Amino acid sequence: MPHATEHAHLPTAELDTALRGGPFHVALRAAIAARGLPLQRVQHHLSRHGVKVGVTSLSYWQQGARRPQRPESLRAVRALEEILQLPDESLIRLLAEADQRTAAGRPAARSYRSLIQASDVLDRLRADLGWSLDGGLHTLGHHECVRIGARRELASREAHHIVRAHRDGVDRFVAVHHGDPGCRPHDIRVRALENCRTGRVRWDEDTGVLAAELLFGTRLRAGDTFLFRYGIEDGTAGPSREYLHRFALPGGQYALQVRFDAAALPARCHRFTQHSTAAPRSGRHELPITGPHHYVHVVEPRIRPGIVGIAWDWE
29 MPHATEHAHL
39 PTAELDTALR
49 GGPFHVALRA
59 AIAARGLPLQ
69 RVQHHLSRHG
79 VKVGVTSLSY
89 WQQGARRPQR
99 PESLRAVRAL
109 EEILQLPDES
119 LIRLLAEADQ
129 RTAAGRPAAR
139 SYRSLIQASD
149 VLDRLRADLG
159 WSLDGGLHTL
169 GHHECVRIGA
179 RRELASREAH
189 HIVRAHRDGV
199 DRFVAVHHGD
209 PGCRPHDIRV
219 RALENCRTGR
229 VRWDEDTGVL
239 AAELLFGTRL
249 RAGDTFLFRY
259 GIEDGTAGPS
269 REYLHRFALP
279 GGQYALQVRF
289 DAAALPARCH
299 RFTQHSTAAP
309 RSGRHELPIT
319 GPHHYVHVVE
329 PRIRPGIVGI
339 AWDWE
């Protein structure tokens with residue numbers, strides 16, 4: 029147990045400000061100071077959480093000389109939130125916001141705040157359509173093809189789903205599209221391509237989130253499998269810099285392909301993953317654009333909760 033004096037210090041205005049606006053090292057330093065903990069005690073508490081971090085690393089983190097990046101370091105940050113009595117994901121969020129900036133210092137296309145806001149909006153749109161978290165369907169396979177146009181815009185995408193019902197009476201799916209910043213969701217079109225037809229469509233102008241019903245025309249029984257395909261015609265925003273998909277539940281295979289117009293090839297591409305919206309990006313791997321088709325892709329054999337995406341730089 030912590031010493032009685034270790035939590036005697038109340039959170040200060042400096043700590044509150046740092047947790048709201050960062051950066052990470054300032055917030056960490058303020059939190060440690062507010063709790064009155066020497067770094068040796070912080071290290072001790074971390075070890076009791078099963079995390080090994082040196083005092084030197086902790087010192088570097090709170091000075092801003094280094095940032096936690098390895099999986100073990102990120103585990104330490106989550107443990108620090110508990111040890112220092114901070115709100116869940118408060119430090120992780122600051123790391124994520126720092127990681128989601130390009131080398132030139134520009135904000136990334138999907139900031140932490142925009143993802144959280146979009147998630148809240150999506151919950152509202154799904155509720156309006158009467159759709160639960162999985163709608164009674166388990167994903168066996170999900171393949172997406174994203175097309176980037178000659179103006180560097182997200183022109184369109186197609187999605188092919190293979191699903192299995194885990195309850196009787198399922199007759200629809202709710203497709204989601206999150207347009208790039210500046211998109212016009214009221215001009216985005218949803219096309220039912222195979223084994224479905226378009227039902228109600230809802231969108232939010234501020235976040236660029238669109239949700240659309242795809243009606244199967246039949247009611248599935250528990251255990252039934254079903255295949256359907258749909259497309260999204262977008263092209264309403266400026267240059268696109270990434271495409272990502274967020275999974276709330278585990279499932280089968282996921283494949284993402286991004287195809288670029290020959291007149292607008294990026295300088296470089298890479299894949300990435302995130303354990304959650306608030307977590308820093310990891311799993312970065314460069315993806316070369318080769319061959320005459322100008323595309324890159326990633327394949328996840330098993331879907332896990334979190335985010336999978338591809339990002340690219342225009343130069």
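The opening residue of the sequence shown carries number 29 in this note's numbering; numbering runs sequentially from there. Don't be surprised by glycine CBs; every beta carbon is placed ideally from N, CA and C. Fair warning: this is a prediction, and the values are worked out from it, not measured in the lab.
- In the structure shown, D341 adopts extended strand secondary structure according to DSSP, grouped into three states.
- Here G49 is exposed. Its C-beta has fewer than 16 other C-beta atoms within 10 Å.
- The three-state reading of DSSP puts E109 in helix, counting H, G and I together.
- Residue pairing by DSSP places D232 opposite V237 in a beta bridge.
- Ranking A55, G259, G236, G263 by CA distance to the CA of T226 puts G259 first.
- Sequence-distant Cβ neighbours of V79 in its own chain, meaning closer than 6 Å and more than five residues away, are R103, A104, A107.
- Three or more pairs of CB atoms, one per stretch, sit closer than 8 Å, so the segment 271-284 contacts the segment 327-335.
- Residue state for E125 is assigned as helix, using DSSP reduced to three classes.
- Spatial neighbours of S87 in its own chain (CB-CB distance under 7 Å, excluding positions within 5 residues in sequence) are listed in chain order as L67.
- Proximity to G158 across C173, V198, L119 peaks at V198, based on C-alpha coordinates.
- Burial state of T246 is exposed, judged by a 10 Å Cβ sphere holding fewer than 16 other Cβ atoms.
- In this model, R274 and R180 are separated by some 23 Å (Cα to Cα).
- Between L161 and V191, the CB-CB gap reaches or exceeds 7 Å.
- In this structure, the beta-carbon distance from F201 to L242 falls below 7 Å.
- In the structure shown, R63 adopts helical secondary structure according to DSSP, grouped into three states.
- By the neighbour-count definition (other C-beta atoms within 10 Å, threshold 16), H189 is a buried residue.
- Assignment of Q68 by DSSP, reduced to helix, strand and coil, places it in the helix class.
- Boundaries for V204: no alpha helix (DSSP H) harbours it, while the beta strand (DSSP E) harbouring it runs 198-206, taken from the DSSP string.
- In the three-state reduction of the DSSP assignment, G263 falls in the coil class.
- Looking at the DSSP output, E270 sits in a beta bridge with A339.
- Beta-bridge analysis with DSSP links C173 to E186, Q285.
- In this structure, V174 keeps its C-beta atom at 7 Å or more from the C-beta atom of Y323.
- Boundaries around A41 are those of the alpha helix (DSSP H), 41-49, since no beta strand (DSSP E) includes it.
- For S87, the enclosing alpha helix (DSSP H) stretches over residues 83-91.
- Per the coordinates, the alpha-carbon of C224 lies some 15 Å from the alpha-carbon of R217.
- Of all alpha-carbon atoms in G92, D234, Q113, R312, the one lying nearest the alpha-carbon of A62 is that of Q113.
- The C-beta separation of R287 from V326 comes to about 13 Å, leaving the pair out of contact by the 8 Å criterion.
- In this structure, A291 places its C-beta atom within 7 Å of the C-beta atom of A178.
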